[in-house]
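Undergrad: Quick one: structure below, then a few questions.
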Amino acid sequence: EAQVTQNPRYLITVTGKKLTVTCSQNMNHEYMSWYRQDPGLGLRQIYYSMNVEVTDKGDVPEGYKVSRKEKRNFPLILESPSPNQTSLYFCASSVRGNEQFFGPGTRLTVL
Amino acid sequence: AQTVTQSQPEMSVQEAETVTLSCTYDTSENNYYLFWYKQPPSRQMILVIRQEAYKQQNATENRFSVNFQKAAKSFSLKISDSQLGDTAMYFCAFMKHEFLNAGNMLTFGGGTRLMVKP
Chain A
1 EAQVTQNPRY LITVTGKKLT VTCSQNMNHE YMSWYRQDPG LGLRQIYYSM NVEVTDKGDV
61 PEGYKVSRKE KRNFPLILES PSPNQTSLYF CASSVRGNEQ FFGPGTRLTV L
Chain B
1001 AQTVTQSQPE MSVQEAETVT LSCTYDTSEN NYYLFWYKQP PSRQMILVIR QEAYKQQNAT
1061 ENRFSVNFQK AAKSFSLKIS DSQLGDTAMY FCAFMKHEFL NAGNMLTFGG GTRLMVKP
């Protein structure tokens, strides 16, 4: 089954404690992105990757890091999480110019 | 920069009736794509319908259709014969043509929460 998976689905942590949210896709898509969803703002792109070892900032990259060492994986790293990063996070993958396929979402709470 | 506006934060409709969700966008580009995504309580983002800006014909997918007015920069979604399973948050999204969009980025509106009542 073609899909994008994310882990964990729910995470509660404290300010400053480094965390990683994993994302994996099995569709051999070259493009992968991370979005955050906040009430009234829709989804906003954090980072994207066009292929292995090629990443760039989206609209709201501050406080986040990513890496793309393999085509299928695109982890999101919060080195020092803060309460304003409490949000719902989505990973997505796509072929260029086509609709994006989203993962199930990760609900992150930073206390 | 592109912006997408959904002016109706919440709407409700009776089962089996028709409802229209509004979306307007602002762009200086001529080639782009527009999408409607559905987000049910499970939080999964599900593509409902896609429209290419160069196509004058409005896209249709079963009970879902759009009214695409390029000059007015309007892209509304019509849901016919509403069903209880249509209850969800609906997001309108804009994507520049791939040659102008290095990150394949989608720009989303703030969403419309639709409640279908029995």
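Protein sequences, first through last, are from chains A and B. Just so you know, we're using this note's numbering here: the first sequence kicks off at 1 and counts up by one. Just so you know, we're using this note's numbering here: the second sequence kicks off at 1001 and counts up by one. The beta-carbon is built from N, C-alpha and C at its ideal position, and this holds for glycine as well. Note that the structure is a prediction, hence the values are computed from the model and not measured.
For R46 of chain A and T1005 of chain B, what's the separation of their Cα atoms in angstroms?
TA: This sequence places Ile at residue 46 of chain A; Arg is not what is there. Straight-line Cα distance between these residues: approximately 20 Å.
Undergrad: Strictly under 9 Å for the Cβ-Cβ distance: is A1059 of chain B near chain A by that measure?
TA: It does not; no Cβ of chain A falls within 9 Å.
Undergrad: Give the secondary structure of N84 of chain A by DSSP, where H, G and I count as helix, E and B as strand, and everything else as coil.
TA: It is helical.
Undergrad: If contacts are defined as beta-carbon pairs under 8 Å, then Q85 of chain A and S94 of chain A qualify, I think. What distance do you get, rounded to the angstrom?
TA: With 8 Å as the limit, Q85 of chain A and S94 of chain A do not qualify as a contact, their Cβ atoms being about 24 Å apart.
Undergrad: Anything in the region 1035 to 1058 of chain B with a Cβ closer than 9 Å to a Cβ of chain A? List those residues in chain order, please.
TA: Hits within the stretch, in order: F1035, Y1037, Q1039, S1042, R1043, Q1044, M1045, I1046, L1047 and R1050.
Undergrad: By Cβ distance, which residues of its chain are closer than 6 Å to P1118 of chain B, with the 5 residues on each side in sequence left out?
TA: Cβ neighbours of P1118 of chain B beyond the five flanking positions: E1015.
Undergrad: Would you grab the beta carbon distance between R36 of chain A and L88 of chain A for me? Rounded to a whole angstrom, and I think it's under 8 Å.
TA: Indeed they touch by this definition, with Cβ atoms about 7 Å apart.
Undergrad: Using a C-beta to C-beta distance shorter than 8 Å, which residues of chain A count as neighbours of M1105 of chain B?
TA: The answer, in chain order, is S33, Q45, Y48, G58 and D59.
Undergrad: Which value, in whole angstroms, describes the spacing of the CA atoms of G103 of chain A and L1106 of chain B?
TA: Approximately 15 Å between the Cα atoms of the pair.
Undergrad: Could you tell me the alpha carbon to alpha carbon distance between Y10 of chain A and T109 of chain A, rounded to whole angstroms?
TA: Approximately 8 Å, taken between the alpha carbons.
Undergrad: For A1088 of chain B, which residues does DSSP report across the bridge?
TA: Paired residues: B:L1114.
Undergrad: Whole angstroms is fine: what's the gap from T1027 of chain B's alpha carbon to A1001 of chain B's?
TA: Spanning the two alpha carbons is a distance of roughly 7 Å.
Undergrad: I'd like to know whether the C-beta atoms of P1040 of chain B and A1072 of chain B end up nearer to each other than 9 Å.
TA: Contact: no.
Undergrad: Since I believe S49 of chain A is in contact with V66 of chain A (beta carbons under 8 Å), could you give me their beta-carbon distance rounded to a whole number of angstroms?
TA: Rounded, the Cβ-Cβ distance is 7 Å, consistent with contact.
Undergrad: Can you tell which of B:E1052, B:S1082, B:G1109 and B:T1060 has its C-alpha closest to the C-alpha of K1070 of chain B?
TA: Checking every option, the nearest Cα to that of K1070 of chain B belongs to B:E1052.
Undergrad: Evaluate V1048 of chain B with the Cβ neighbour count: other Cβ atoms within 10 Å of its Cβ, from every protein chain shown; 16 or more gives buried, anything less gives exposed.
TA: So V1048 of chain B counts as buried.
Undergrad: Kindly give me the distance between the Cβ atoms of V54 of chain A and E70 of chain A, rounded to whole angstroms, as I take these residues to be in contact under 8 Å.
TA: Incorrect: roughly 13 Å between the Cβ atoms, too far for contact.
Undergrad: What's the call for N1104 of chain B, buried or exposed, on a 16-neighbour Cβ count within 10 Å?
TA: It counts as buried.
Undergrad: Cβ closer than 8 Å: which chain A residues qualify as neighbours of F1094 of chain B?
TA: Here the premise fails: no neighbours, minimum Cβ distance about 11 Å.
Undergrad: Under a Cβ-count criterion, where at least 16 other Cβ atoms within 10 Å of its own Cβ denotes burial, should K1096 of chain B be classed as buried or exposed?
TA: That one is buried.
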